[in-house]
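Using our numbering, the first residue of the sequence shown is number 470, and each one after it goes up by one.
The C-beta atom is built at its ideal place from N, Cα and C for all residues, glycine as well.
One structure below.
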Amino acid sequence: MFVTMRGSATEADVLAVKSRILAEGLTPYEHEGGNGLAIAVVGEIPPGRAELIDRLAGLSGVASVTPINRPFKLTSREFHPEDSVVRVLDAAIGDGSLTVMAGPCSVENRDMLFETADAVAAAGGTILRGGAFKPRTSPYSFQGLGIEALRYLAEARERTGLPVVTEVMEPNQVDIVAEYADILQIGARNMQNYSLLNAAGRVARPIMLKRGFGATIEELLMAAEYIVVAGNPNVILCERGIRTFETSMRNTMDLAAVPMLHRLSHLPVIVDPSHATGKRWLVPPLAMGGVAVGADGVMVEVHPNPDAALSDAEQQLDLGQFARLMATLIPIHEQLRNVDHAEVLGGHPGDVHG
Ligand code: PEP
Ligand code: MN
470 MFVTMRGSAT
480 EADVLAVKSR
490 ILAEGLTPYE
500 HEGGNGLAIA
510 VVGEIPPGRA
520 ELIDRLAGLS
530 GVASVTPINR
540 PFKLTSREFH
550 PEDSVVRVLD
560 AAIGDGSLTV
570 MAGPCSVENR
580 DMLFETADAV
590 AAAGGTILRG
600 GAFKPRTSPY
610 SFQGLGIEAL
620 RYLAEARERT
630 GLPVVTEVME
640 PNQVDIVAEY
650 ADILQIGARN
660 MQNYSLLNAA
670 GRVARPIMLK
680 RGFGATIEEL
690 LMAAEYIVVA
700 GNPNVILCER
710 GIRTFETSMR
720 NTMDLAAVPM
730 LHRLSHLPVI
740 VDPSHATGKR
750 WLVPPLAMGG
760 VAVGADGVMV
770 EVHPNPDAAL
780 SDAEQQLDLG
790 QFARLMATLI
800 PIHEQLRNVD
810 HAEVLGGHPG
820 DVHG
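This is the structure we're talking about:
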């Protein structure tokens, strides 16, 4: 539930509401939005919820107390109706612009990273990606250059001005990765690594959280909730394909998850057609599809010589292919950015339960 304060509420009123929430054994979490100051009440609400609502509603300066009918609270649209915008260096994710995160699956050496970074920047990419610590299915596969790669990524940021995103696999890597990278990625395999989510909640860097391949949308949002409630509101969600009975592609890209996530949550949503499909030729159509269904951006793997890549060779675009994809995506985004899906239904917002 959350408490909405009246415009006329005093500082003392706000303090009294927060103290009461704490006295109930719960935690207050403030959000100043279009509807004024809202204070979420988070924690395990004890029996006697209706009485608690009455107690809070009776306090001075309180306009209303609204239950949140979802297990995720701080990440929900109900509590936070406006879109969240994540800002990092000169980039903004979720503000209506097209975010394009691109770069190699793995940072293999400095030259290939710089060559890719220059091409990504020249084509209009907004964020540079590159794996340093790689979660590989096989222990015999290339595991990434680790800290050496982090140093190259930081150099590539100096060179291009693009913020960098890279994966962090363990809680004890969070500080070192945050020292070099601008956005920390939590990969699909770690979406429910709760100690990593908690550590990500305590770092002063945005987090890109990828959907686990067996995770529902609600589980993804609950994982994001861990990060936000631990203190980090700057979370970007990423749909990167889920595992289904289909075997002709690496995963099944769940495009419907994009508008569903936007409906349920205020957090920005990125699609990753590279890992979703595992096939180079499927990346452009699915990137376009992601933008068409309203994603705030795409993540695409790009390599100067994909066939020789040390990881994910079949799905990486070469530099020319990436530039042509950008030339196609930008006008699609321009054309579709202001489409109001509800308007197609005659302004009907749709079934409130869905
Ligand atoms: C990646 O983006 O480098 C990656 C490993 O993706 P995922 O966690 O989605 O498999
Ligand atoms: Mn990859």
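Check                                                                                                                                                                       : Outcome
Quick one: grab the DSSP three-state call for Ser664.                                                                                                                       : helix
Here's the rule: buried if 16 or more other CB atoms are within 10 angstroms of the residue's CB, otherwise exposed. What is Val813?                                        : exposed
Does the beta-carbon of Asn662 have 16 or more other beta-carbons within 10 angstroms, so that it is buried, or is it exposed?                                              : buried
Just the C-alpha distance for Glu551 and Gly670, rounded to the nearest angstrom, thanks.                                                                                   : 21 Å
Just to check, is the beta-carbon of Asp781 closer than 6 Å to a non-hydrogen atom of the ligand MN?                                                                        : yes
Closer than 7 Å by C-beta to Val897: which residues in its own chain qualify, once you throw out the five before and the five after it? Chain order, please.                : Residue numbering for the chain in the displayed model covers 470 to 823; residue 897 lies beyond these limits and cannot be assessed.
Confirm, please, whether the CB-CB distance from Leu788 to Val738 is below 7 Å.                                                                                             : no
Per DSSP, what kind of secondary structure is Thr716 in: helix, strand or coil?                                                                                             : coil
Assuming Val767 contacts Val740 under a Cβ cut-off of 8 Å, what Cβ separation, rounded to an integer in Å, is found between them?                                           : 5 Å
In this structure, does DSSP put Pro573 in helix, strand or coil?                                                                                                           : coil
Assess contact between the region 560 to 568 and the region 579 to 590, defined as three or more Cβ pairs (one per stretch) separated by less than 8 Å. Is contact present? : no
Please confirm whether any heavy atom of the ligand MN lies closer than 6 Å to the CB of Cys707.                                                                            : no
Helix, strand or coil: which one does DSSP assign to Val762?                                                                                                                : coil
Whose CA, out of Met470, Ser575, Asp651 and Glu499, lies closest to the CA of Val557?                                                                                       : Asp651
Does the separation of the CB atoms of Gly600 and Cys574 fall below 7 Å?                                                                                                    : yes
Could you check how far apart the C-beta atoms of Leu678 and Val704 are, in whole angstroms? I think they sit under 8 Å.                                                    : 6 Å
Would you kindly work out how many angstroms separate the C-alpha atoms of Val760 and Gly494, rounded to a whole number?                                                    : 43 Å
Whose CA, out of Ala571, Val576, Thr797 and Ser488, lies closest to the CA of Phe611?                                                                                       : Val576
Determine the DSSP secondary structure at Ser545, reduced to helix, strand or coil.                                                                                         : strand
Would the region 475 to 490 count as touching the region 526 to 541 if we require 3 or more Cβ pairs under 8 Å?                                                             : yes
Helix, strand or coil: how does DSSP classify Leu724 here?                                                                                                                  : coil
Which of the three DSSP states is assigned to His731 in this structure?                                                                                                     : helix
Whole angstroms is fine: what's the gap from His549's alpha carbon to Tyr695's?                                                                                             : 16 Å
Pick out whichever of Gly517, Arg524, Ala792 and Gly758 has its Cα sitting closest to the Cα of Ala571.                                                                     : Ala792
On the DSSP bridge list, what partners appear for Ala509?                                                                                                                   : Phe471 and Tyr498
Are Leu622 and Ala590 closer than 7 Å when you measure CB to CB?                                                                                                            : no
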